[in-house]
Amino acid sequence: MDILYSLFFDYTLRTVAIGTAIIGIVSGALGCFALLRKQSLLGDAISHATLPGVVIAFLLTGSKAPLVLIIGGIIAGWLATLLVTTIVRHTRIKEDSALGIALSVFFGFGLVMLAFSQTVPNANQAGLNRFLFGQAAAIIERDVITMGVLGFITLGLMTLFWKEFKILSFDPEYAASLGFPVRWLDILLTTLLVVAIVIGLQAVGVILMSAMVVAPAAAARQWTNRLGLMVGLAALFGAMSGVGGAMVSSLGSGLGTGPVIVLIISVIVVVSMLLAPNRGLVWNWIRQQRNRHRLRLETVLSDLYILSQQHQDPSHGHSIEILRAMNVGRGGVEHSLHILLEKGYVQEIGPDSWVLTPRGLAEAKRLLQDMNGLPQPLQEVTVS
Amino acid sequence: MTTAQLEIQLIAVVVAAACALPGVFLVLRRMAMMSDAISHTVLLGIVLAFFVVSDFGNPLLMIGAAAVGVLTVSLTELLNKTGLVKEDAAIGLVFPALFSIAVILIGVFARNVHLDTHMVFQGDLVFAPFDRWQVLGLDLPRTLVVMTVILLLNAVLITVFYKELKLATFDAGLAAAMGFSPALIHYGLMTMVSITAVGAFDAVGSILVIALMIAPPAAAYLLTDRLPVMLGLSVLIGAVGSILGYWVAHYFDTTIAGSMVMMIGVLFGLTLLFSPQRGLVALARRRIRQKWEFSQTMLAIHLLNHAGTAHAEEESRVDHLWEHMRWHPAFAEQVVRYAERKGVVRRHSGHLILTDTGRNLAQQAMMH
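These protein sequence lines are chains A and B, in that order. Count the first sequence with the working numbering and you get residues 1 to 384, in order. Count the second sequence with the working numbering and you get residues 1 to 368, in order.
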């Protein structure tokens, strides 16, 4: 409760939480488009690749003002994207390798620059390291203002070009045939993604920021098939994990905020994948079990019907062994019989001797009719 | 050059070579980003195993890390198989989660041991010569011994299973039909990648391993069409990049691992630009040549069409090309000069005359 209290009344924590919430909202919303366009790993490459931009921006200006570093990061992230597109478009190297190269080489260059910045006689560079894993506690009001303004512009442009981005994500060829400037829209959307990633670096870090692009969107995707709702949910999940991460890291455990935020959002993803209605794995499993159960009952019922058709005397009983033989590898015959017995579809007229009741007969007929009559098995059995 | 310097370079070369070998197959099988995932998550294996044995020299660390590497692959496939997320998203979900757990474990439990998050992204090659092992009566740096073993292991495995790997890489369907289990080959390769990533972790840290695994093979892929050559070139590019990187780091007093990766990146960039067949420059030159050759063929066809007709006089004037072909005067002049140089046309008092070569060219172009 204390922590909730501080969330509203502690100035520092409130500032940090607003900052991480903005990050979650913007990256969650833009991440939806990346996810739908199968560009999840581009986010990973961009976030790693921003490191040299951030460090060089600092080295050139000597300033750690958020806007300066963010612009540096945007330029580097953008160059990495350009490198990936150039490689993929003009050579036979595939996207995965292009992403891997852009990611690691830019990051390596960033580390070189980082080491270099530490040799520069300027005590101001302390704290650049926090861009690696993020340190939300270091967020101050001017950071939040920068993030807020950039985030607002990003989301504003996203809303403005909503229709275009939507069609670009689902059917780019159709968009092109309608005369949309697909290439420019692609560049704009990617640029917005770069901005969304870069404003999160300070709190989440270059290594884990990619998760903020993929995870909220992947979680939101499970709950809905509508883009608008998905973007809203992703923003909500992103904000939740951001605020959660800020709160945990404010407890003074000395943890980088990035890993905590990522763990929270990962839990949200797992819960969504398990529990979301329609797509959720748990519902799916229940549905499967129900189907299997129903199919087993129906099989036993129709088998009994088939058997009864071959005997003149409908009251002739059949043993479980025979039903099992007709159901090789499907087990559970005895169990199914008892359920059918409870439902009043079959009766046991002697020891291990089962027949359909009139109700069971009617039900079996109805079933077989639904399945197009299924006369073939009848004849096959007769022949043998 | 001191012994320590020599040893560091030797380690760098061995690490680069050990990474490049499995990297070739990652690039060819379009699974490069799995190395990204694995190299991040092996950290979790190292941390967990470290909690058990409390000793960095213990081989259990390697086993733990390899196990988590394979776990990463299976988790990714599991997620992918649910059909709820695509493969790229599956990778992007699994490794940040496992990596975060590792970073948090380090932060909470291991703050006093020599396992800080700094190691995660850059190893300490500078100190590698100080940690020594006595092997076969020799006094060698530990990292060198470990990475040499891994390099030999990779080389032997790739040699022994060369045929299977090659077939499974280029024609997975045929490989499966012939009875080579694709899953076995896949997981075998991923185990190799994991073990290599752990070994290289000491030297270059977990993220730069990706560069060593992907960039040299990708560069080699632009230079050759033959798998054995690609394997050899990858090792060579990795080794050259590492040595260059060492000296750059030495000169600018910066991180060795970072500058190794930077130089390998530079080598890749040079290949990307200047590869004789597939480089961007070769590509651009080919495009430009195609433009001129196409225009020259158009000119030849135009002249041939009107040769011997009543308008031949009118049509063969250079300034007539401006309106007939809708060519800009300057462009038309350039095309004519190009064609003259190639011996396709001759200029005769303001008129163009097709040579025999030109006539052949036009006739052949029209036949196609």
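Beta carbons are placed, not taken as given, at the ideal position from N, Cα and C, and that holds for glycine. Quick caveat: nothing in here was measured; it's all calculated off a predicted structure.
Within 7 Å of the CB of histidine 90 of chain A, the CB atoms of chain B belong to Leu280 and Leu283, in sequence order along the chain.
Assignment of glutamine 9 of chain B by DSSP, reduced to helix, strand and coil, places it in the helix class. As for any beta strand (DSSP E) of minimum length 3 sitting wholly inside the segment 286 to 362 of chain B, the runs are 345 to 348 and 351 to 354, ordered along the chain. Counting other Cβ atoms within 10 Å of its Cβ, phenylalanine 116 of chain A reaches 16 or more and is therefore classed as buried.
If you ignore the 5 residues before and after leucine 42 of chain A, its C-beta comes within less than 8 Å of the C-beta of Ala34, Thr81, Val84, Leu99, Thr190 and Leu193, all in its own chain and listed in chain order. In this structure valine 243 of chain A is in contact with alanine 21 of chain A, their Cβ atoms being roughly 5 Å apart against a cut-off of 8 Å. A direct Cα-Cα distance of roughly 57 Å separates glycine 205 of chain B from lysine 342 of chain B. Boundaries around valine 214 of chain A are those of the alpha helix (DSSP H), 209 to 223, since no beta strand (DSSP E) includes it.
Restricted to the segment 340 to 376 of chain A, the alpha helix (DSSP H) segments that are unbroken, complete and at least 4 residues in length are 358 to 370, listed in chain order. DSSP, reduced to helix, strand and coil, places valine 24 of chain B within a helical segment of the structure shown.
The C-beta of threonine 119 of chain A comes closer than 9 Å to at least one C-beta of chain B. The continuous beta strand (DSSP E) containing leucine 140 of chain B extends over residues 138 to 141.
Arginine 132 of chain B is bridged by DSSP to B:Pro141. In the displayed model, histidine 338 of chain A falls within a helix according to three-state DSSP. For aspartate 96 of chain A, the chain B residues whose Cβ falls inside 7 Å of its Cβ are Arg30, Met31, Ala32 and Met33, in order along the chain. Between lysine 291 of chain B and the set B:Asp55, B:Ala200 and B:Phe331, the nearest pair of CA atoms involves B:Phe331. Excluding residues up to 5 positions away in sequence, Leu60 lie with their Cβ nearer than 6 Å to the Cβ of valine 53 of chain B in the same chain. With a cut-off of 8 Å on Cβ pairs, the segment 275 to 284 of chain A is not in contact with the segment 159 to 168 of chain A, counting fewer than three such pairs. A Cβ-Cβ distance of about 42 Å is found for the pair serine 97 of chain A and valine 344 of chain B, leaving them out of contact under the 8 Å criterion.
Residue state for histidine 311 of chain A is assigned as coil, using DSSP reduced to three classes. Inter-segment contact for the segment 192 to 202 of chain B and the segment 64 to 83 of chain B is present: three or more beta-carbon pairs are separated by less than 8 Å. Under the 8 Å Cβ criterion, the segment 36 to 54 of chain A counts as touching the segment 65 to 82 of chain A, having at least three qualifying pairs. Bridge partners of histidine 318 of chain A according to DSSP: A:Trp354. For histidine 48 of chain A, a Cβ of chain B is located within less than 9 Å of the residue's own Cβ. About 4 Å separates the Cβ atoms of alanine 37 of chain B and phenylalanine 95 of chain B, confirming a contact at the 8 Å cut-off. Taking a Cβ-Cβ threshold of 9 Å, the residues of chain A close to methionine 262 of chain B are Val105, Gly108, Phe109, Leu111 and Val112, in chain order. If the five residues before and after alanine 246 of chain A are omitted, its C-beta is found closer than 6 Å to the C-beta atoms of Val16, Ala17, Thr20 and Ala136, all from its own chain and listed in chain order.
Cα atoms of leucine 233 of chain B and alanine 17 of chain B: separation of roughly 10 Å, rounded to the nearest angstrom.
Assigned with DSSP and collapsed to three states, leucine 222 of chain B falls in coil, not helix or strand. Residue environment for proline 129 of chain B: buried (at least 16 other C-beta atoms within 10 angstroms of its C-beta). Across the set B:Leu78, B:Lys86 and B:Ile91, the C-alpha of B:Ile91 shows the shortest separation from the C-alpha of aspartate 44 of chain A. B:Asn154 is the residue among B:Asn154, B:Asp253 and B:Val209 whose C-alpha sits nearest the C-alpha of glycine 188 of chain B.
The C-beta separation of isoleucine 320 of chain A from valine 333 of chain A comes to about 6 Å, placing the pair in contact by the 8 Å criterion.
In this structure, the straight-line span from the alpha carbon of glutamate 164 of chain B to that of arginine 30 of chain B is close to 17 Å. For isoleucine 93 of chain A, the C-beta contacts it makes with chain B under 8 Å involve Val27, Ala218, Tyr221 and Leu222, in order along the chain. Residue A:Val26 holds the alpha-carbon nearest to the alpha-carbon of serine 210 of chain A among A:Val26, A:Asn129 and A:Lys94.
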